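Below: one structure, written as structure tokens.
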Amino acid sequence: MLLARGVDEEARQLQRQGALDHWLSCQGQEAAQVGSALAVGPTPAVFPTYREHAVALVRGVTPEELLAQWAGRTFCGWDPHRLRFFPTTVVLAAHTLHGVGYSIGQRLQEREDFVVVYIGDGATSEGDMSEAMNLAAVESASVLFVCQNNGWAISKPAEEQMRTSLAQRARGFGIESVRVPGRDPETVFSACSRAAAHVRGERAPYLVEILVRRINGHTTSDAQEVYRSRDDIARARATDPVTAYAARLSSLGLVDTAWLDGIDAEVRELRARLMKEYE
Ligand SMILES: Cc1ncc(C[n+]2csc(CCOP(=O)(O)OP(=O)(O)O)c2C)c(N)n1
Ligand SMILES: [Mg+2]
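Counted the way the working numbering counts, the sequence shown spans residues 3 to 281.
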């Protein structure tokens, strides 16, 4: 989580300096991403949206590869086949159908493992998501939908975009689901481990809705202060999952200052490396 935060912060700075065209920050969503990525493990194919940087790092995408697309260097940046981590999808929810189709294809080839599809709250309003959930339910596809509900689709609040929770909506399609808070990676890890066991054991889809708070604007081109209250932004910063988890592990005596300093040094080195590379 700390490494992801460091990479994200460096990418934001590189964008300001003109080295990257664009960046979508994942700050505030690290516990949801690291908890879910560790729970599903390294084997299932993952279809991300565009903000799953911490998942990418857990999957073995290097920080240099992660930034490459946003510097306009490559189409993707990493090898999607080797890492089983598919390219970023900016066309909202298109990848939900790709993921379900991929899972059905795997089953037909008797190479079944499950597929993980990451999606945001706003993207679930796209017809593709409804089609993907229905198809997954009807075909009993082995797909785990991980929905990070950060409360915003750019400037559109989630409460103006839906009348039920996403977990409830999934049940309407015949997909079992759960809604969990996304501040503590262990809570997310437990929920996603149970969900993954369900997908594997039942060979059926499952949806986990994780409630998170977006700390920064939608992208580096967005001024969230224009449409989001100061209180809401302050609350997102005050409930930062990264500092909260570091504090929790420290208070339990599981990590000490020397260990945290070691990670800090690693982050500084990583950021310096990225800065040099992208300059
Ligand atoms: C099909 C389509 N329509 C509109 C957009 C413009 N767009 C980009 S991101 C976004 C909001 C998505 O919000 P959400 O799914 O909650 O993800 P978040 O950015 O909050 O992680 C919109 C409307 C798009 N990329 N693709
Ligand atoms: Mg959102």
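Backbone N, C-alpha and C fix where the C-beta goes; we use that ideal spot for every residue, glycine too. Model, not experiment: these values are computed from the prediction.
Contacts around residue i, its chain only, beta-carbon distance under 8 angstroms, and the 5 residues preceding and following it disregarded
{"i": "Y52", "result": "L26, T90, T91 and V92"}
{"i": "L2", "result": "The shown model of the chain, from 3 to 281, leaves out residue 2, and the question about it has no answer."}
Where residue i falls: helix, strand or coil (DSSP)
{"i": "G122", "result": "strand"}
{"i": "Q31", "result": "coil"}
{"i": "E66", "result": "helix"}
{"i": "W25", "result": "coil"}
{"i": "C78", "result": "coil"}
{"i": "I177", "result": "coil"}
{"i": "A85", "result": "Here residue 85 is Leu; the residue named in the question, Ala, does not match the sequence. Here L85 sits in helix by DSSP."}
{"i": "P183", "result": "strand"}
{"i": "V48", "result": "strand"}
{"i": "P159", "result": "strand"}
{"i": "Q15", "result": "helix"}
{"i": "N136", "result": "helix"}
{"i": "E211", "result": "strand"}
{"i": "Q111", "result": "coil"}
{"i": "R191", "result": "Correcting the residue type first, residue 191 is Phe in the shown sequence and not Arg. Three-state result, F191: helix."}
CB-CB length for residue i against residue j, believed under 8 angstroms
{"i": "A283", "j": "V42", "result": "Within the shown structure, residues of the chain are numbered from 3 to 281, placing residue 283 beyond reach of any answer."}
{"i": "V119", "j": "F49", "result": "5 angstroms"}
{"i": "Y280", "j": "A73", "result": "6 angstroms"}
{"i": "H55", "j": "A6", "result": "6 angstroms"}
{"i": "A238", "j": "I217", "result": "5 angstroms"}
{"i": "G30", "j": "R215", "result": "5 angstroms"}
Same chain only: Cβ atoms within 7 angstroms of residue i, ignoring 5 sequence neighbours per side
{"i": "S157", "result": "Y229"}
{"i": "P82", "result": "F88 and P89"}
{"i": "S142", "result": "R205 and A206"}
{"i": "I121", "result": "T51, A95, T98, M131, F147 and C149"}
{"i": "R185", "result": "A33, T241, P243 and A246"}
{"i": "L85", "result": "R61, G62 and V63"}
Cutoff 6 angstroms; reference residue i; Cβ partners in own chain excluding five residues on either side
{"i": "S38", "result": "V148, V190 and C194"}
{"i": "W80", "result": "V63 and E67"}
{"i": "T45", "result": "D115"}
{"i": "A138", "result": "V102, V145 and P207"}
Are at least three pairs of beta-carbons, each pair with one atom in the segment 221 to 233 and one in the segment 57 to 67, less than 8 angstroms apart? no
Is the segment 155 to 166 touching the segment 247 to 259 in the sense that three or more CB pairs, one from each, lie closer than 8 angstroms? no
Please output, in chain order, the residues near ligand 2 using a CB cut-off of less than 6 angstroms to any non-hydrogen atom of the ligand. G122, D123, G124, N152, W154 and A155
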